[in-house]
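The opening position of the sequence shown corresponds to residue 39 in this note's numbering, with each subsequent residue numbered one higher.
The beta-carbon is built from N, C-alpha and C at its ideal position, and this holds for glycine as well.
Values in this document were obtained by computation on a predicted structure and should not be read as measured data.
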Amino acid sequence: MRGSDGRWQGTSGVADVRTGRPVPQNGRFRIGSMTKTFTATAALQLVARGKLHLDRTVQSYVPGVLPAEYPPVTIRQLLDYTSGLPGIDIDHKDPAWFLAHRFDTWTPRRLLDLAFTGRPMEFAPGTAQHNGNISYLVLGVVMEKVTGRPYGDAIRTASSARCT
């Protein structure tokens, strides 16, 4: 943490409950749906800088990332879960499935293919709301395109920005 009162770095808890090994300060862990908060913050900072526009479409930023038969989807619709994009059809909430796949690497392209291949929209964009991961995955792809940098760089930039 950094702020007007200085800087602090620390950890809490244990990395291994059997051995009691502490969490390393440079440790990595999955944050699941918390990622959406960071993604939205970074996207809105790009909007504030004029690099991203809420009412422009995904298709205008990254042609071909959505299937050609899908209607236009705006950045705003990605952010507010009204995109209508179909979710990823994997049972990642089932403990047995998660255990079996815990070391798998899921690239954005693989996840987009799972979500979109042969699957229609859930609803017309802007007509309903459905909280899911796919809109934010697409938003990350758009952010990479507009910044020319990996998605994680936008998140790091957003998290280190000073608010005035």
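Contact between residue 152 and residue 175 is ruled out by a C-beta separation of about 10 Å, above the 8 Å threshold. Shown here, residue 195 sits in a helix according to DSSP, grouped into three states. The beta carbon of residue 52 sits closer than 8 Å to the beta carbons of 58, 59, 60 and 61 from its chain, once the five residues preceding and following it are set aside; these are given in chain order.
If you look at residue 146, you'll find it in the alpha helix (DSSP H) that goes 146-154. Between residue 109 and residue 163, the C-beta gap is smaller than 8 Å, which places the two residues in contact. The C-beta distance from residue 128 to residue 180 rounds to 23 Å, too long to fall under 8 Å, and the pair is not in contact. According to the DSSP assignment, residue 137 belongs to the alpha helix (DSSP H) that extends over 133-139. Note that the stretch 128-144 does not touch the stretch 80-88; fewer than 3 beta-carbon pairs, one per stretch, sit closer than 8 Å.
Look at residue 52 here: in three-state DSSP terms it is strand. Here residue 66 carries a coil assignment [DSSP, helix/strand/coil].
By the 16-neighbour rule on beta-carbons within 10 angstroms, residue 71 is exposed. Bounds of any alpha helix (DSSP H) do not take in residue 39, whose DSSP letter is neither H nor E. Pairing residue 178 with residue 139, the inter-Cα distance amounts to about 23 Å.
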